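The opening residue of the sequence shown carries number 5 in my numbering; numbering runs sequentially from there.
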Amino acid sequence: MKFSPIRYLLFALPILGLTFTSCDEVSESDRLIPVESVTPARAILLEDFTGQTCRNCPDAHDVIHTLQEQYGEAVIAVSIHAGAFGVAVGSADYVGLMQPEGNEYDARYNSLQSWPAGVVNRTGGTLNHDGWAEAVRKAITAEPTVAIDLEATLSDDGKTINIATTLRPTANISGKLQLWITEDGIVSMQRNGRNWIADYVHNHVYRAAVNGTWGEDVKLTSGVHADYNHSIAVRDSKDEKWDTAKLSVIAFVYNESEGVLQAARVSLLPAGNGGEGE
Numbered sequence: 005m006k007f008s009p010i011r012y013l014l015f016a017l018p019i020l021g022l023t024f025t026s027c028d029e030v031s032e033s034d035r036l037i038p039v040e041s042v043t044p045a046r047a048i049l050l051e052d053f054t055g056q057t058c059r060n061c062p063d064a065h066d067v068i069h070t071l072q073e074q075y076g077e078a079v080i081a082v083s084i085h086a087g088a089f090g091v092a093v094g095s096a097d098y099v100g101l102m103q104p105e106g107n108e109y110d111a112r113y114n115s116l117q118s119w120p121a122g123v124v125n126r127t128g129g130t131l132n133h134d135g136w137a138e139a140v141r142k143a144i145t146a147e148p149t150v151a152i153d154l155e156a157t158l159s160d161d162g163k164t165i166n167i168a169t170t171l172r173p174t175a176n177i178s179g180k181l182q183l184w185i186t187e188d189g190i191v192s193m194q195r196n197g198r199n200w201i202a203d204y205v206h207n208h209v210y211r212a213a214v215n216g217t218w219g220e221d222v223k224l225t226s227g228v229h230a231d232y233n234h235s236i237a238v239r240d241s242k243d244e245k246w247d248t249a250k251l252s253v254i255a256f257v258y259n260e261s262e263g264v265l266q267a268a269r270v271s272l273l274p275a276g277n278g279g280e281g282e
């Protein structure tokens with residue numbers, strides 16, 4: 005839909021005045037400072053709490069890009085649009101990216117109620133984006149206690165995503181398995197500083213939880229593999245249309261005491277690679 009800057013400005017001005025939010029200008033000297041690289045021993049989950057009307061959130065997106073260039077697939081980022089700076093799916097003027105679950109995750113982990121903010125492996129609390137590099141560097145060297153084999157295939161009719169997950173623990177684990185859908189390359193509005201960018205490209209955007217908002221309980225025994233199969237319908241409506249060529253599936257195992265134990269990400273295989281239509 006066509007973006008109307010005037011209409012949007014009238015909507016955004018009262019929100020930007022809220023005192024419990026933080027989306028201030030950040031000087032060049034306060035942005036990401038490169039640190040010495042390390043060899044990843046595992047993948048980590050970086051939950052980026054963001055919003056389309058947050059003027060500093062593109063700076064956080066740049067930090068994610070830098071970290072992924074440095075560590076490759078070991079950094080699994082998910083941009084969760086939430087809070088006062090998020091724009092809900094189904095917005096009248098442009099493509100909104102905020103899902104209802106996003107606000108649930110934000111309420112639990114983004115305790116400072118600020119944007120941009122991030123949580124690394126659900127440990128250590130909420131961090132401003134200038135602290136992500138050091139947190140990732142420390143977390144990524146920890147030896148994991150579970151490996152995740154993950155495959156996601158689009159059904160032949162293009163309507164369903166079928167997901168096969170195998171967990172291979174090296175310790176006894178009580179926790180939860182969470183599966184998410186993310187999407188890259190979504191073109192929509194984003195504020196950047198004082199400017200409004202109508203054709204901003206949003207990546208690793210949280211789209212849906214496959215197995216419930218908080219995942220499902222798992223009890224794993226060291227050395228015993230556990231297999232799981234799930235499916236989710238592809239969303240295809242006027243309010244939310246997924247581009248299956250740009251979808252990924254994220255899997256992670258976590259518990260309340262240790263945070264995220266391991267994470268994995270795979271791109272969606274196209275139809276004809278083993279998927280079954282409903």
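All C-beta atoms, glycine included, are put in the ideal place defined by N, C-alpha and C.
Note that this is a predicted model, so its numbers are computed, not measured.
Query raised in the report: What are the boundary residues of the beta strand (DSSP E) that residue 200 is part of?
Result: 199 to 206
Query - CA nearest to the CA of residue 230, picked from 156, 108, 105, 168 - result: 168
Query raised in the report: Would you report the Cα separation of residue 144 and residue 61, rounded to the nearest angstrom?
Result: 24 Å
Query raised in the report: Exposed or buried, what is residue 211 when buried is set at 16 or more other beta-carbons lying within 10 Å of its beta-carbon?
Result: buried
Query raised in the report: Using the beta-carbon count (16 or more within 10 Å), is residue 64 buried or exposed?
Result: buried
Query - Segment contact flag, the region 197 to 204 with the region 228 to 245, C-beta cutoff 8 Å, min 3 pairs - result: no
Query raised in the report: With which residues is residue 258 paired in a DSSP beta bridge?
Result: 180, 264
**Report entry** Secondary structure of residue 144, DSSP reduced to three states
**Finding:** coil
**Report entry** For residue 175, three-class secondary structure by DSSP
**Finding:** coil
Query raised in the report: With respect to the alpha helix (DSSP H) encompassing residue 70, which residues constitute its N-terminal and C-terminal limits?
Result: 61 to 75
Query raised in the report: Looking at C-beta atoms only, is the number of pairs between the region 48 to 55 and the region 102 to 121 that lie closer than 8 Å three or more?
Result: yes
Query - Per-residue DSSP class, three states only, for residue 250 - result: helix
Query raised in the report: Beta-carbon separation of residue 47 and residue 249 under 7 Å?
Result: no
Query raised in the report: Going along the chain, which residues of its own chain have a beta-carbon closer than 6 Å to the beta-carbon of residue 204, five neighbours each way excluded?
Result: 194
Report task. Let me know the secondary structure DSSP gives residue 98 once reduced to three states. Result -> coil
Query raised in the report: With 16 as the cutoff for other CB atoms within 10 Å, does residue 126 come out buried or exposed?
Result: buried
Query - Where residue 229 sits in the DSSP three-state scheme - result: coil
Query raised in the report: In the structure shown, what three-state DSSP assignment does residue 139 receive?
Result: helix
**Report entry** Burial state of residue 33, where buried means 16 or more other Cβ atoms lie within 10 Å
**Finding:** Confidence at residue 33 is low in this model, with a pLDDT of 45, below 50, so its placement is unreliable and no value can be given for it.
Query raised in the report: Anyone know if the C-beta pair for residue 110 and residue 128 falls short of 7 Å?
Result: no
**Report entry** Beta bridge counterpart(s) of residue 157 as assigned by DSSP
**Finding:** 166, 273
Requested in this report: Tell me whether the beta-carbon of residue 164 lies closer than 7 Å to the beta-carbon of residue 273.
Outcome: no
Requested in this report: Can you check DSSP and say which residues form a bridge with residue 210?
Outcome: 186
**Report entry** Own chain residues within Cβ distance below 6 Å of residue 252, not counting five before or after
**Finding:** 186, 269, 271
Report task. Rounded to whole angstroms, what's the CA-CA distance from residue 216 to residue 108? Just pull it up for me. Result -> 12 Å
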